[in-house]
Each structure stands twice: as C-alpha cells, then as structure tokens.
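In UniProt numbering, the protein residues as written are 1 to 701. Below: one structure, written as structure tokens.
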C-alpha cells in the first residue's frame, strides 16, 4: 500500500513543503497505529514529499532535481540516480526501506526502486516493458508493504501499459523478467495505468481503457502472475454503469475494497467505494457506491481503512468550498467538522479542507486545515475516545511535546546554577575575615534568555580552615527553582533542594596556585501544564515528575599572575561534569494526553577565564571577570506516546556550545568578621543564564 505524507504548506502554493511541517504532520498517517515525528527546530529542507513509512520514522521526498530518503532524526540521503541526474520519488514502503519513483537521464525516464536507508543504499533501474525500444519509459507509483512488489506504468511508441515488478521473479517480459504487463479491458487499445497496490501485494488498482471509454477504474488480481498466468483485470465500472469515466486511487489491505472517483450520469465528479460482492451500489453497477457529497457538485475519495469500512476525501459544499469528509456505512458522508461537532469538538476558526488518511477503526482522520492566516497545517481529528474527541494541529502539538520535554534542559540549568552562581569562585577567594570558621547565606536570581526560563536559589553554608589555613572545606544546603511559560498559557515549574561540598587547597610553597574541588547533588520535582489547540478551543494536559542530578568541578587559579598598581590579574581554568535523570510521567486531562519516557543527560564543561581584582580600600574590592565556556553533552529529548494514537521521538542526540561570560562582583567588609557581596554576570547565547545576579553575606568566627 502506498503511504502518502503531508505537512505545512502555503495554500495554493503548488505543493512545496518544509520538512519540519511534514514531520509534524506525518504522525497522522494513522493507518498505522504508531508514528514518530521530529520537532520543528530541525533543519528545514525545501522539499516536496512523496510518502512516509508505516512507523512514521522515514520519508521519501523530492528536491528540485533529486530524490531523498530522510528520517525523524534529521538524517537524509540523496538517492543514487541509476541513469542520469534527476529523480522523483513517488512512494515508500511500510518499513521505510524501499523507495520507488522515476529517474530521468536525457530523454529517458525509468522506474526505479531504491533499497536502503539514510546511511546509503542501492538504486535499481526497473527497466521497461519493451527493453528493445530505446525510447521506452517507465514510472513507479506504488509499492507493497514488503517492498517486494512495485506498480506503475510504462510507455513506448504511443502505447501505455501498467506494470507490476516482482523481486526475484523470472516470468516477466523478455529481457526484463521481473516486470509483468498489466493488460487492459477488452475492446480498448490496451492502455492501462497502475496507481496503487494493496498492502499484501495481491491486487493492483488504477485504470484501463476499453470499449466505449478512455479511462475506467480497474483492479488486477496478481495472485497467479508469477506461476505463468497473466494478471486478470477486472472492470470496476463507473457510477453510470459498467462504462464511463472513473479511476481507482487506493485499496484496502486485502484489495477487496477500492476507492477513487468517477463521473455520474450528470457529468459530476463523485467519490466512489467499490466493494467486492456488494449489492448496494448504483443501478447497473451494484458493487460501486456513490458516496454522496456535502451539498456541492463534486467529491473525490482519497483513502480507505484497511478493512474497507471507512473512507475519507474531499467534497464541495453548497457554497462550492472544498471540505474534508468522512464516510461510513452507518452515517454516510459528513464533513469531518460535523463529525467532530457530534463529539463536542469545535472547529471554529478553521476550515478542514482535506482528509488523506483514516485509522483502522475509523475513529481518527488526518488531513490539512487552514485558519485565517491561510497557512495549511496537518490535522488529526479523533471522534469518541476515553479522553474525548479532539482536533490536533499536528505541527503545533509536536512543538508543545518538545517544549514540555525541555524540562531536562531546565534541570541542567538548575544543577549548574550553584556552581556558576553562588560558587562562581572558590571559598578561599571570598572576603578574608578574622577567624578560621565561616558561615554564609546567598541568594541568586537568573534568567536564561534563549529558553525564557527564570531561575533562582537560596543557600546557607559553613566552612572551616585546616592545615594552617592551606585547606578550606565547606558545605551548603540550598533550595532552587525555575519557572517557564509555555505556549498558549502552558507552564513548566521545577523546584528542589541540593547539598554542596567544596574543598580548596593552596599547596605549601606555591602561594600563587589554588586548587578547588566542588560537587553538588540535587533532587527536583517538576510540574508541567502543556497547552495546545483543540480545534477552536485550548486544551491542557498536565503531568508531574521528579529528577535527580549533580555536578562535580575541578578548578585551578593562578593568583596574582600579574599586578598593576592596586589591581591583580588572576587567570583560572575549570573542568566540570554534570548529569541529570528525569523520570517518565503520564499526563492527565485534555483530549490528547501523552506519556513521556524517562531521559538521562550528561555533559562536560570547560572554562578559561581571568579575574581582575581591584582594591579600592582595605574594606572594599571589585572583581571583574571574563571567561570563555564550552559545554558538550546529551541534548534533551521528547519520547513517548500520545495515548491511543502514536509514538513520538524528537530531539536527543548531542549538543556542543561555546559562549562568553562577563561579570562584576563587589565585596565590602562591614567589620573584621562580617562582609557582604553582590555580583552580576552576563553571558552570550549558551548554557549559562543570560543574566544572573547574586547577593550574599558571610561571617567568620
């Protein structure tokens, strides 16, 4: 069965789509129960898309002159052209390992079959039905679930004939034994074309000419073709009887139900459903049923469920506007909007223009819709379910999934906040007061601009000097939290506690060297309210989870490497390692709640910097810092499933970022055993907060 994809496009824009929009939309190929999709932050490829694998992970697509295979991770591979420089993909099989289409080489056009994945593969020229005719051409349009059977058409010297190509076959046409011709109906010129194939590969569907007509829906039984028999062709007729214009577009899983379009006795284009053995069809063709319309003069069927019970497509309404329809034996044809309205879902503000796929149980339809902006988005419409009916803007919905899973980024920010906030310098470099024991209290406030995340902590700690003052050890406990507003009124909040320990050492005989080792561990709780559009309304699905993380950092300072007047120059370097584990959780509420899988991230942080310390008086000094930081690690991911619909997997992989940070800190000794400090840090785009402010008080005794 040919699996066709859809995604974002500008209405009336000629079918040029962006990869990100498609990846959102392709989760809705619900003829398969599970699919995955990537976030819109992926590389945007200006491609038109030909199809999607059954699990939604792999895509066939076309650029201006080449065909590609791509996956949800952003990997892509340009298919090798077996005859020239231009290619066009038309379909991909259920497992995402076979792509079919047509290749161009000079005046030649050849059907091709690519076998492989995004790391590479082999493209085979399927040849033609007339290998000895140099000007012959061929095109492939459909592929079976297994990828072993390909259908299309071939043309030569004014002739056109459908074909089925069967891997490993030996009984095909002379010179191309894997390709078999699909004969036409009697009385015509033998012109045929195959547009689709049943999932099991047993039937091809398309059109044939015949006595008194130029194009009529046809079905070919491929069962005995390999054993030497021809594929028997069956005239599916039309809505005017057994003669008239029609063609078949799609078949059920076993080929017993076929859908397409046909002209009726009034010359109108109508959607049809042909069912083997049926008796409820039109007069003169009782197996073919006119599916009706939405009040206008035309309709066309796009897809049929695997068991053939439900059909979706488009129809014009009484105002001649095109709307998506869903047809069932019980309810007949109704607009998808009306079907949703029966299940309590408003579609206000949207026009559901097309329907391209239908689930096995008929309860989920997918297609395109547009709003006032006239930008077309993929939708997923669901009728009755335990979560209620719903209308999902697929592009937007997947962005909310990824944003919610970004709690892993927030957890990383929180684990590093004490290290580069309250403890951005070793304890031995805090104001020198009288006494060999100390206590402090610090508060930090920060904001990470790129993610619009606010961060804060409050900490209390104590320290003591050992080894004659060459060693200082300290410990602290703190509470920390974050807040982030998500789209459409959603939010993510995280709060937790941590413990921190530090040991500083200034070796004897090396007064200019200071080594420090700092570590922290924290436990956090996150609450996520994920908002998304539900037709004309906004829905909310909520969940909560816990996380555990920590950081360890080794730092070396070269004290007073240079002294200029009352200012000392102090270079430093640090190396840190962090990790975070976020537990999985299940959302509640809303029509499309999701289950998020656990994720574990890790990162390494390297910093080189210099601090200039200027003493204004014995009580007051100003420290200004410039540092370059680099962090690499595991990127946040969103993986799981939307309950009862599809799996998703986006993000993940690794990241590597380098940024600069500047800071200023003012220390003032109130007395011999009490001081206050305040600091401000600014950072370029990276993993540190864009803005961070800190204030603290320290006492010695």
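All C-beta atoms in this analysis are idealised placements derived from N, C-alpha and C, irrespective of residue type, glycine included. Remember, predicted model here, so these are calculated numbers, not experimental data.
{"Query": "Inside the segment 367-438 only - alpha helix (DSSP H) runs reaching at least 4 residues", "Result": "394-405 and 407-420"}
{"Query": "Minimum length 3: unbroken beta strand (DSSP E) runs contained in the segment 322-362", "Result": "322-328, 332-335 and 351-358"}
{"Query": "C-alpha distance - residue 348 paired with residue 594, whole-angstrom precision", "Result": "25 Å"}
{"Query": "C-alpha distance - residue 538 paired with residue 631, whole-angstrom precision", "Result": "37 Å"}
{"Query": "Complete runs of the beta strand (DSSP E) confined to the segment 161-232 [at least 3 residues]", "Result": "179-182, 192-197, 203-210 and 213-221"}
{"Query": "Candidates 644, 687 and 116, of which the one nearest residue 420 by Cα", "Result": "687"}
{"Query": "Touching by the beta-carbon criterion (3+ pairs, under 8 Å), the segment 352-372 and the segment 499-507", "Result": "no"}
{"Query": "Distance between residue 458 and residue 474 (C-alpha atoms, nearest Å)", "Result": "16 Å"}
{"Query": "Own chain partners of residue 129 with C-beta closer than 8 Å, once the 5 adjacent residues on each side are dropped", "Result": "136, 138, 154, 156, 161, 163, 173, 176, 179 and 181"}
{"Query": "Between the CA atoms of residue 256 and residue 275 - distance to the nearest angstrom", "Result": "6 Å"}
{"Query": "Within 7 Å, strictly: CB atoms of residue 278 and residue 324", "Result": "no"}
{"Query": "Three-state secondary structure assigned by DSSP to residue 522", "Result": "strand"}
{"Query": "Cut-off 8 Å between Cβ atoms - residues of its own chain near residue 298, not counting five sequence neighbours on either side", "Result": "268, 269, 270, 315 and 316"}
{"Query": "Buried or exposed by the 16-neighbour rule on C-beta atoms within 10 Å, applied to residue 466", "Result": "exposed"}
{"Query": "Inter-stretch contact at 8 Å, needing at least 3 Cβ pairs: the segment 572-583 / the segment 383-395", "Result": "no"}
{"Query": "Delimiting residues of the beta strand (DSSP E) encompassing residue 571", "Result": "567-582"}
{"Query": "Buried/exposed call for residue 591, threshold 16 Cβ in 10 Å", "Result": "buried"}
{"Query": "Span separating the alpha-carbon of residue 694 from that of residue 681", "Result": "9 Å"}
{"Query": "Residue from 309, 448 and 526 whose Cα sits closest to the Cα of residue 685", "Result": "448"}
{"Query": "In DSSP terms, what residue 320 is bridged to", "Result": "DSSP output for residue 320 lists no bridge partner at all."}
{"Query": "Closest residue to residue 707 among 558, 599 and 559 (Cα-Cα distance)", "Result": "This structure cannot settle anything about residue 707, because the visible part of the chain is limited to 1 through 701."}
{"Query": "Per-residue DSSP class, three states only, for residue 129", "Result": "coil"}
{"Query": "Cβ contact check for the segment 659-675 and the segment 430-442: 3 or more pairs under 8 Å", "Result": "yes"}
{"Query": "Cβ distance (whole Å) where residue 520 is taken to contact residue 414 below 8 Å", "Result": "About 10 Å separates the two Cβ atoms, so there is no contact after all."}
{"Query": "7 Å Cβ cutoff met for residue 571 and residue 628", "Result": "no"}
{"Query": "Top-ranked residue by Cα proximity to residue 311, from 526, 350, 326 and 512", "Result": "326"}
{"Query": "Where residue 372 falls, given that 16 or more other Cβ within 10 Å makes a residue buried", "Result": "exposed"}
{"Query": "Whether residue 217 touches residue 251 by CB criterion (7 Å)", "Result": "no"}
{"Query": "Exposure label - residue 564; buried when at least 16 CB within 10 Å", "Result": "exposed"}
{"Query": "Residue 271 - DSSP class collapsed to helix/strand/coil", "Result": "strand"}
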